[in-house]
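Reviewing the structure listed below.
There are 2 protein chains.
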Amino acid sequence: MNIHKAKGFRHALNKDNHPKMCLKDVRSAINERQTEVLHKAFVGFHPADAARILEPLNGSELANFIELIGPPRALEIFEFLDFQKQKETVENLMPEALAQLFANMSPDDRTDLVKELGTDFQDRVLGLLIHKERQDLFKLLTYSEDQAGAYMTTRFASVEPDYSIRTALDRLRIQAPTKETIYYVYVVDDQLKLLGFVSLRDLIMSRPEVRVGDIMVTNIISVQVDDNIEHVANKMARYDFLALPVLDTKGRLVGIITFDDILDVIQREATEDMYKLAGMNVGEQISSSVARIVSNRLPWLFLNIGTSLLAANVITTFGGTIEKVIALAALMTVVATLGGNSGNQALTVVVRSMAMGDTTGQRRSLIILKNIAVGLINGFTCGMVIAAVSYLWFDNLWLSIIAWIAMTANQIIAGLFGSLIPMALKRFNMDPAHGSSILVTTLTDIGGFMIFLGLASLLINELMAG
Amino acid sequence: MNIHKAKGFRHALNKDNHPKMCLKDVRSAINERQTEVLHKAFVGFHPADAARILEPLNGSELANFIELIGPPRALEIFEFLDFQKQKETVENLMPEALAQLFANMSPDDRTDLVKELGTDFQDRVLGLLIHKERQDLFKLLTYSEDQAGAYMTTRFASVEPDYSIRTALDRLRIQAPTKETIYYVYVVDDQLKLLGFVSLRDLIMSRPEVRVGDIMVTNIISVQVDDNIEHVANKMARYDFLALPVLDTKGRLVGIITFDDILDVIQREATEDMYKLAGMNVGEQISSSVARIVSNRLPWLFLNIGTSLLAANVITTFGGTIEKVIALAALMTVVATLGGNSGNQALTVVVRSMAMGDTTGQRRSLIILKNIAVGLINGFTCGMVIAAVSYLWFDNLWLSIIAWIAMTANQIIAGLFGSLIPMALKRFNMDPAHGSSILVTTLTDIGGFMIFLGLASLLINELMAG
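Those protein sequences? They're chains A and B, same order as listed.
Just so we're aligned, residue 0 is where the first sequence starts under numbering that gives the first Met the number 0, counting upward by one.
Just so we're aligned, residue 0 is where the second sequence starts under numbering that gives the first Met the number 0, counting upward by one.
Here it is in structure tokens:
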């Protein structure tokens, strides 16, 4: 591929139509080590787009690409690669390129990646870093995936309160290239205790001789290193900050979390909750292989086999009654289905509200009572409709009455368990979304069958008389 | 309340424990028009927190508060109030305060609010605005709720390419107080055509005599005014920009959308999809009243009555068969339940992937084929388990074989419709999440009952022989 071709190639990719069509050219340019061609081809691309185009390459090809392109461009693109691809790439990098890459990666992303590498490789990477970076990495490695510390970057801009605005701006210009953001500048004392912050906007609008301490915002919204990341995400969404400072237990500023990481967290957490509510694990994408999809969904179906057999067992218990009035077999599924639907409505609202932090300050008992009341009203109303339809259909008054009562009772069960189960799970520090949908459906199935068929058995004489 | 009391009051609120406990004091300070006390009480509070504290006040009290506190503080707090409260407040404001508030609100928020007001009141508000603001408002009012135009602000910072960095920074200092953000500065020609952008970071790091046109980024990621906001949100999440420029059909810069609005959009869209997948409308919160909850959930239950009666009708069709082999009544619910579960798994992945923009470039037919294959594998596996359990339970080989076949077939139906329905809805420009869960469940219920009971009817002699 010559430079003339490279231009056409860039143009084709830019249209965003068929980014795959020119992958062959990229590949051959990498193999032939045509650095300049590659540079020209990717000029002006946003690194996210470049990463998307390169995604189909294997680890060794990507490593060659990174080495040919060199910093800082290679790093920008690398950070947008899929996690698995990043891993494959670094495993193929030469030591020098590896050292450069790791030294310049943003600390939170670096930590995520190092966590995924084998211990041998971890040691190799640690050996390549300077002392301070190594210490940072060790610190970040100690946080679990759902803690604020795992998402923070240690590259924040800071100044001291006695600086003049002029000095602060001069320092910022020096700090800028290595900082994640300079739009918020944190004011710390010599113990690193956070005193306040100033925005770059305020800095450039103030007179140069003013003291930073005199214009800084002192009422600081901050988070703790061990705060749950979902809590951090809600805080950021509520206050509209570009970044939140992260403090350790002694109130010292140890990092900041920026809005772009939080955007990802919010999207991922929502996906997780949706998947869990549908009875699935989270490791599936639309592009996943059949094997991957099966392994993601099958375990939950196995669980569902168990729970549905429990419900089936209730039905066989009342087999004699059903044999006598076969309409029961039809109506029992209506009662159970509507119960499952209502239970999941309540469940979804409670799980989502918990994730958004909206349940704080709401009394748990009130939430449950309201859902029971809703179940009573909805059950009574829907039960009335079912009773009317089934009267027209089967011409059996007792059957209608039993369906009405069972429907009302089962909707109350749905409201109760739909709200109680996620709150109970959370109370015991378990995930309120995980498995709760199957649990609620099972309980409303069993409840629906038991009440409906149980009442029918008790009133079998009236029922058979019509 | 004197100022000494005000301090204690502030302290109590600051602890974030019982923000309601001092509402009485706030109320009496408002009624007694103690401006200074109110100012002192809310000093240093983030406006989001102040708004949360004031939320229980009624529209007239809030209007008094706004008038007492005055701009700019009042506006900051007002913008964090709940939408309904904002509406009640403005309806109680004196004309002068109303004019100030509306003149200074950010254009996108102002538009949202004006849309909600009665036509009489709209005219009043329009009369209070200066010509340019009125034009802006008219323009923004034309966009629908899901279009980029409805979320943009027209207050962006812009410069011309021939400015030196020094001039650009000087202009920024003047523009800053009225702009939503100055961290991205857009470079436009005299026709307002977008040429590029520079970040404030780049501006303060460059030499003052350099031309803006020489350092601006020209490969611009932008959106169109009529783009769907979900698309905009995905774009922002992918590229990690603080703001995205919004262009009209002629390529002119008409506004920008900032990350904080997109954070809200992403959270709201995720909530909407979850609610829709659970068969609910979106207008419900954990704090909603029972009446509100009922009106939100009941319509969907009515729909579900209809669909479940369809399934029940299938059962009665095979009433004679069930009467002969009552175990069918138990196992048919297992087949149907597992089908519903699988259908919703497929549905959730497809709906979520569509919302995240992950389906672009994926072939629809391939997605459906994969889900059918998954259904075949999961159905065969789960069917084997059900067959084994039912053999031990009912000691009837034919029953086990029929359950196995029905299970496999119904899981294929679940994979097919779970993936096909949301894609078909989207194809016809309908919401892929709305109602699709009930549709998929109904189809797997009917499919499960029909195949299982149909096979049983065909093989009734073998079945009764055991």
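Heads up, the beta-carbon is just placed ideally off N, CA and C, and yes, glycines get one too.
Quick caveat, the model's predicted, so the values are computed rather than measured.
Task: Among Val333/B, Thr34/B and Arg267/B, the one whose alpha carbon lies nearest that of Ala232/B - done: As a first step, residue 232/B is located in the second sequence; it is residue number 233 there, counting from the start. When each option's Cα is compared against that of Ala232/B, the closest is Arg267/B.
TODO: For Ile411/A, return the contacting residues in chain B, with the cut-off set at a CB-CB distance below 9 Å.
DONE: To locate residue 411/A, count along the first sequence from 1; it is residue 412. Neighbours of Ile411/A on chain B: none; closest Cβ ~13 Å, over 9 Å.
- [ ] Measure the Cβ-Cβ separation of Ala402/A and Ile385/A and say whether it is below 8 Å.
- [x] To locate residue 402/A, count along the first sequence from 1; it is residue 403. To locate residue 385/A, count along the first sequence from 1; it is residue 386. Going by C-beta atoms, Ala402/A is nearer than 8 Å to Ile385/A.
TODO: Show which residues of chain A have a CB atom less than 8 Å away from the CB atom of Ser307/B.
DONE: As a first step, residue 307/B is located in the second sequence; it is residue number 308 there, counting from the start. Chain A residues near Ser307/B: Thr332, Val333, Thr336 and Leu337.
Task: Within 9 Å of chain B by C-beta, residues of the stretch 151-177 of chain A in sequence order - done: Leu168, Leu171, Arg172, Ala175 and Pro176
Task: Cβ separation of Tyr185/A and Leu252/A, assumed to be a contact under 8 Å, to the nearest whole Å - done: Here residue 185/A refers to the residue found at position 186 when the first sequence is read from its first residue. Here residue 252/A refers to the residue found at position 253 when the first sequence is read from its first residue. Right, their Cβ atoms sit about 6 Å apart.
Open item on the list: By the DSSP assignment, the beta strand (DSSP E) with Ile181/B in it spans what residues?
Closed with: The residue given as residue 181/B occupies position 182 in the second sequence. Run containing Ile181/B: Thr180 to Val187, per the beta strand (DSSP E) assignment.
Task: Beta-ladder partner(s) of Val113/B, from DSSP - done: In the second sequence, residue 113/B corresponds to position 114, counting from 1. The partner list for Val113/B (beta bridge, DSSP) is empty, contrary to what the question assumes.
- [ ] Kindly list, in the order they appear in chain A, the residues whose Cβ is closer than 8 Å to that of Ile401/B.
- [x] Locating residue 401/B in the second sequence gives position 402, where the first residue counts as 1. Going along chain A, no residue has its Cβ under 8 Å from Ile401/B, so there is no contact; the nearest lies around 15 Å.
- [ ] Grab the span of the alpha helix (DSSP H) containing Ile228/B for me, first residue to last.
- [x] In the second sequence, residue 228/B corresponds to position 229, counting from 1. Unbroken alpha helix (DSSP H) run through Ile228/B: Ile228 to Tyr238.
Task: Extent of the continuous alpha helix (DSSP H) run through Ile129/A - done: Along the first sequence, one-based indexing puts residue 129/A at 130. That residue, Ile129/A, is in no alpha helix (DSSP H); it is neither H nor E in DSSP.
TODO: Would you identify the three-state DSSP class for Phe427/B, choosing helix, strand or coil?
DONE: Taking the second sequence and counting its residues from 1, one reaches residue 427/B at position 428. Here Phe427/B sits in coil by DSSP.
Task: Distance CB(Met158/A)-CB(Arg172/A) smaller than 8 Å - done: Here residue 158/A refers to the residue found at position 159 when the first sequence is read from its first residue. Here residue 172/A refers to the residue found at position 173 when the first sequence is read from its first residue. The question names Met, but residue 158/A in the sequence shown is Val. Not closer than 8 Å, so no.
- [ ] Just the chain A side, please: which residues come within less than 7 Å of Thr315/B by C-beta, in chain order?
- [x] The count along the second sequence starts at 1 and reaches residue 315/B at position 316. Going along chain A in sequence order, the residues near Thr315/B (Cβ under 7 Å) are Ala326 and Ala329.
Open item on the list: Between Phe196/B and chain A, is any beta-carbon pair separated by less than 8 Å?
Closed with: Counting from 1 along the second sequence, the entry for residue 196/B is found at position 197. Answer no: the Cβ-Cβ gap between Phe196/B and chain A never drops below 8 Å.
Open item on the list: I want to know whether the stretch 439-457 of chain A touches the stretch 295-315 of chain A - three or more CB-CB distances under 8 Å.
Closed with: yes
Open item on the list: Against chain B, with Cβ distances strictly below 8 Å, would Leu462/A count as a contact?
Closed with: Stepping through the first sequence from its first residue, residue 462/A is reached at position 463. Not closer than 8 Å to any Cβ of chain B, the Cβ of Leu462/A fails to qualify, so no.
Task: Cα-Cα separation between Ser436/A and His433/B, rounded to whole angstroms - done: Mapped onto the first sequence, residue 436/A falls at position 437. Mapped onto the second sequence, residue 433/B falls at position 434. When rounded, the distance between both Cα atoms is 19 Å.
TODO: Spatial neighbours of Ile125/B within its chain, please: CB distance less than 6 Å, with the 5 preceding and 5 following residues excluded, ordered by chain position.
DONE: If you number the second sequence from 1, residue 125/B lands on position 126. With the sequence shown as reference, residue 125/B is identified as Leu, and Ile is not the correct amino acid for it. Around Leu125/B: Arg133.
Open item on the list: Run through chain A and tell me which residues come within less than 7 Å of His45/B, C-beta to C-beta.
Closed with: If you number the second sequence from 1, residue 45/B lands on position 46. Near His45/B (Cβ distances below 7 Å), the residues of chain A are Asn218, Ile220 and Tyr238.
Open item on the list: Can you find the residues in the same chain that come closer than 7 Å, C-beta to C-beta, to Val439/B, ignoring five residues on each side of it along the sequence?
Closed with: Locating residue 439/B in the second sequence gives position 440, counting from the first residue. The residues are Gly342, Asn343, Leu346, Phe416, Gly417 and Ile420.
TODO: For Thr257/B, write down the residues that DSSP places opposite it in a beta bridge.
DONE: Counting from one through the second sequence, the residue named residue 257/B turns up at place 258. Paired residue(s): Ala242/B.
Open item on the list: On the DSSP bridge list, what partners appear for Ser163/A?
Closed with: What you label residue 163/A is simply residue 164 of the first sequence in a count that begins at 1. Its beta-bridge partners are Arg210/A.
TODO: Report yes if the CB atom of Val334/B is closer than 8 Å to the CB atom of Ala405/B, and no otherwise.
DONE: By one-based count along the second sequence, residue 334/B stands at place 335. By one-based count along the second sequence, residue 405/B stands at place 406. Yes, the pair counts as a contact, with Cβ atoms nearer than the cut-off.
Open item on the list: According to DSSP, is Leu56/A part of a helix, a strand, or is it coil?
Closed with: As a working note, residue 56/A is residue 57 in the first sequence. Correct three-state label for Leu56/A: coil.
TODO: Please check if any C-beta of chain B sits within less than 8 Å of the C-beta of Ala423/A.
DONE: Indexing the first sequence from 1 puts residue 423/A at position 424. For Ala423/A, the answer is no, since every Cβ of chain B falls outside 8 Å of its Cβ.
TODO: Could you confirm whether any beta carbon from chain C is found closer than 8 Å to the beta carbon of Gly278/B?
DONE: Protein chains A and B are contained in the structure displayed, whereas chain C is not.
Open item on the list: Run through chain A and tell me which residues come within less than 8 Å of Cys381/B, C-beta to C-beta.
Closed with: The sequence position of residue 381/B within the second sequence is 382, counting from 1. Those are Leu297, Leu300, Phe301 and Ile304, listed as they occur along chain A.
Task: C-alpha distance - Glu480/A paired with Gly382/B, whole-angstrom precision - done: Nothing can be reported for residue 480/A: it is not among the residues displayed for chain A, which extend from 0 to 465.
Task: DSSP beta-bridge partners of Val158/B - done: Mapped onto the second sequence, residue 158/B falls at position 159. Per DSSP, Val186/B.
- [ ] Compute the Euclidean distance between the alpha carbons of Ile65/B and Gln174/B, then round it to the nearest angstrom.
- [x] Along the second sequence, one-based indexing puts residue 65/B at 66. Along the second sequence, one-based indexing puts residue 174/B at 175. If you take the alpha carbons of Ile65/B and Gln174/B, they lie about 26 Å apart.
TODO: Leaving aside the five residues before and after Arg291/B along the sequence, list all residues of the same chain whose C-beta is less than 8 Å from its C-beta, in chain order.
DONE: Numbered from 1 along the second sequence, position 292 holds the residue referred to as residue 291/B. For Arg291/B, where only same-chain residues beyond five positions count, the Cβ hits under 8 Å are Gly282 and Glu283.
Open item on the list: Excluding the 5 residues flanking Met279/B on each side, which residues of the same chain have their C-beta closer than 7 Å to its C-beta?
Closed with: Numbered from its first residue, the second sequence carries residue 279/B at position 280. Here the set comprises Asn295, Arg296 and Trp299.
Open item on the list: Please state whether the Cβ-Cβ distance between Leu80/A and Ala50/A is less than 8 Å.
Closed with: On the first sequence, residue 80/A is found 81 positions in, with the first residue counted as 1. On the first sequence, residue 50/A is found 51 positions in, with the first residue counted as 1. Yes.
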